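Reading through the structure tokens given below for one structure.
Number of protein chains: 2
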Amino acid sequence: MNLDKIFLDQGSGGRSSRELIEKLFIPKFKNSYLNELNDSAVFELGGAKLALTTDSFVVDPIFFPGGDIGSLAVCGTVNDLAMRGARPCYLSAGFIIEEGFLIKDLEQILFSMEKIAREADIQIVTGDTKVVPKGAADKIFINTSGIGLVPLHIDIAGQNAKPGDAVLISGNIGDHGMTILSSREGLFLDSLLKSDVSPLNHMVQKMLKTGSEIHVLRDPTRGGLATTLNEIAFQSQVGIEVFQEAIPIHESVLAASEILGLDPLNMANEGKLVAVLPEIYAETVLAAMKETSYGSGAALIGWVKAENPGKVIMKTAIGGKRLIDMPAGEQLPRIC
Amino acid sequence: MNLDKIFLDQGSGGRSSRELIEKLFIPKFKNSYLNELNDSAVFELGGAKLALTTDSFVVDPIFFPGGDIGSLAVCGTVNDLAMRGARPCYLSAGFIIEEGFLIKDLEQILFSMEKIAREADIQIVTGDTKVVPKGAADKIFINTSGIGLVPLHIDIAGQNAKPGDAVLISGNIGDHGMTILSSREGLFLDSLLKSDVSPLNHMVQKMLKTGSEIHVLRDPTRGGLATTLNEIAFQSQVGIEVFQEAIPIHESVLAASEILGLDPLNMANEGKLVAVLPEIYAETVLAAMKETSYGSGAALIGWVKAENPGKVIMKTAIGGKRLIDMPAGEQLPRIC
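Taken in order, these protein sequences are the chains called A and B. FYI, the numbering used here numbers position 118 of the first sequence as 118, with every residue one higher than the one before it. FYI, the numbering used here numbers position 262 of the second sequence as 262, with every residue one higher than the one before it.
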């Protein structure tokens, strides 16, 4: 890591981000919750088991097919809570707005936030608004933090994957990343391609209601599926083997990735989850996912292994094996 | 309110901010917690009575006498929790960093955050880092959100002031605002003048430990004492009368304010609180405040009245009366 200045890479969610966090943030704020590097911190307070999470959103453009910075800001935090098995309850919203920003755009963003909040059944209960002079910020940045209630018996975390576990994905990967890229660069892609931004908490509740044991849930946002699988392999000290053919990818994402030389495995998703769970529950949970609108494309994509701890290996269609690493740097800044 | 573009005024914490929030945000996110417009939302979850709050910090300069954006970010959220009588427990931290920002500056900021967190006895348990391209943000913005535990019998809120209540302030007003102004403009002020940024939760705990009833606590940050008193008068539908001579102001803040034509009542504070409580408890609570380092300059500055609901009136040194309004616009952008 360069120890002089901050680079764009360090906000990528990939390897450089991890290095920055491990070398700078963790040693300063060391505590058992932060050290776990999960989507939310889970702790007990006043007898309640709670999850707390935060995310700042700086996406560019702020409006894109399928959503906007407002829907992203609510879904991102709702999903980070859901990934710990929490029922998301209350959200805060902090706005940093550039002077001169159009009120009608702000109204549109608030409308999206409210719509997703209603769908996710959470309340935005506290907020903050700062306005900075023109040029001191680009349009609008939104931070959301959220609090959720975790059932006492639930323990879903990145370190819980076990050899033999099945690895599921809830649908197509790369839709959000490719949508942002194509909106920004003015690429003509399939007009049906849009961001998958969506709140996943109701799907998670349905998965939990089957009574199945779930070891890990994680949403493959910045850094994509490659990063998420590597994080799980690292945190649980297990190997993960996935089958290339089993990973669902939208045709136009695949086509555009090939033309642009990008890997859909590294592309951001904002409405997908990875679930790791004992094989005996895989079929039941997959069926529960498929019954929901956001999980209709769910698939079993691989298995957790004792071999190659910390590594993710992909079996290719032609029978080869490829090591899947975390993307080293920044594929696309301001993706979320 | 201009309904076309966002103006700097609307981030001032004064009247324009209030209008923006009341006209745009509240109607969209309507719920009983947000409508109260208190420093934190207080709710029950899993049997626990909790407070949740959020604040984004965009102060310029990021380093100033007495503190930096890091100490401000932790104190701001700790204090917003304490103002509801909560014991602040856990914090989240979200960073938006401009590409090229110096690592040594980031380290200094993290150091300040950790130092204040230790003093305030809270843990930073979850975080997020985004890096934006050069020019898309000015240096660094920090959001902190916090969660605190509120004792079941405590009900401290802006709407609880009652006629006959005493109004206390914990010390000199305007130190933070004048420090930022003078650092930014290169004014030569008393070299002893520095920001009052400090965590007030331990002082609040000492005030509560006296067993006194406290109706309202609020920290007069953006918009200053004038805004805070007006908010309390409005929320409680009471009049507030304060004595000009009783309001403690540092000599150099007073002198500089006169030269610059600014009103210290409108100037931001980051380590002060206003307490409103029944007269019978005033002396006890004042004594408890004075025993703490951050409350050594505490004073009784006025009384709550039934007359003139929603209005704040100042009795001047020469026996006159002056209506204290909320500052209409922006006195100093990026004060916190």
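Beta carbons: idealized from backbone N, C-alpha and C, even for Gly. These numbers were taken from a predicted model, which means no experiment stands behind them.
Using a beta-carbon distance below 8 Å, is A:G224 in contact with chain B? no
Since B:G310 sits in a beta bridge, which residues does DSSP pair it with? In DSSP, B:G310 forms no bridge with anything.
Chain A within 8 Å of B:I97, Cβ atoms only: yes
Does any residue of chain A bring its CB to less than 8 Å from the CB of B:R334? yes
Could you tell me whether the Cβ of B:I259 comes closer than 8 Å to any Cβ of chain A? no
Could you check whether the Cβ of A:V132 sits closer than 8 Å to any Cβ belonging to chain D? Within the model displayed, chain D is absent; protein chains A and B are what it includes.
Is the CB of B:G47 under 8 Å away from at least one CB in chain A? yes
Give every residue of the same chain whose Cβ lies closer than 7 Å to the Cβ of B:I69, excluding the five residues on either side of it in the sequence, and list them in chain order. F57, V59, I62, I109, I140, I142
Counting only the same chain and skipping the five closest in sequence on each side, list residues whose C-beta sits under 6 Å from that of B:I232. G158, A161, V216
For B:A161, three-class secondary structure by DSSP: coil
Suppose only complete runs of 4+ residues qualify. What are the alpha helix (DSSP H) ranges in the segment 65-145 of chain A, listed by chain order? 69-82, 103-120
Does the distance from the C-beta atom of A:E245 to that of A:A317 stay below 8 Å? yes
May I have the straight-line CA-CA distance separating A:T227 from B:P309, to the nearest angstrom? 58 Å
Pairwise C-alpha distance: B:L34 and B:R18: 13 Å
Using a cut-off of 7 Å between C-beta atoms, extract the partners of A:C89 located in chain B. L45
Whether A:A48 touches B:G46 by CB criterion (8 Å): yes
From A:V242 to A:K311, what distance separates their C-alpha atoms? 11 Å
At 9 Å on the CB atoms, spell out the chain B contacts of A:I62, in chain order. Going along chain B, no residue has its Cβ under 9 Å from A:I62, so there is no contact; the nearest lies around 12 Å.
Do you know whose CA, among B:P27, B:F64, B:I6, lies nearest B:L187's CA? B:F64
Residues of chain A with CB closer than 7 Å to the CB of B:K5, please, in chain order. G100, F101, L102, I103
Just to confirm before moving on: does the CB-CB distance between A:Y90 and A:V131 stay below 8 Å? no
Any beta carbon of chain B sitting closer than 8 Å to that of A:D138? yes
Suppose the cutoff is 8 Å on Cβ atoms and the five residues either side in sequence are ignored; what does the same chain contact list for A:E291 look like? K206
Give me, in chain order, the residues of the same chain whose beta-carbon lies closer than 7 Å to that of B:K272; leave out the 5 immediate sequence neighbours on both sides. I169, S170, G171, I173, D196, D219, P220
Quick check on A:V276 - is its C-beta less than 8 Å from some C-beta in chain B? no
Spatial neighbours of A:Q237 in its chain, beta-carbon cut-off 7 Å, leaving aside the 5 residues before and after: P309, G310
Over what stretch of residues does the alpha helix (DSSP H) that includes A:R18 continue unbroken? 15-20
Looking only at C-alpha atoms, which of A:L225, A:E114, A:E251 sits nearest to B:P27? A:E114
What number of angstroms, rounded off, separates the C-alpha of A:G319 from the C-alpha of A:A51? 42 Å
Residue of A:D80, A:P264, A:T210 minimising C-alpha distance to A:M280: A small fix is needed here, since residue 280 of chain A is Ile in this sequence, not Met. Of the listed residues, the one whose Cα sits closest to A:I280 is A:T210.
Check B:I249 in the structure and name its three-state DSSP category. coil
Let me see if you follow: with CB-CB separation under 8 Å, is B:D55 close to chain A or not? yes
Is the beta carbon of A:L24 sitting closer than 8 Å to the one on B:L106? yes
Looking at the C-beta of B:D128, does it have a partner C-beta in chain A at a distance below 8 Å? yes
Under 8 Å between the Cβ atoms of A:G14 and A:P327? yes
CB contact flag (A:R222, A:A268, <8 Å): yes
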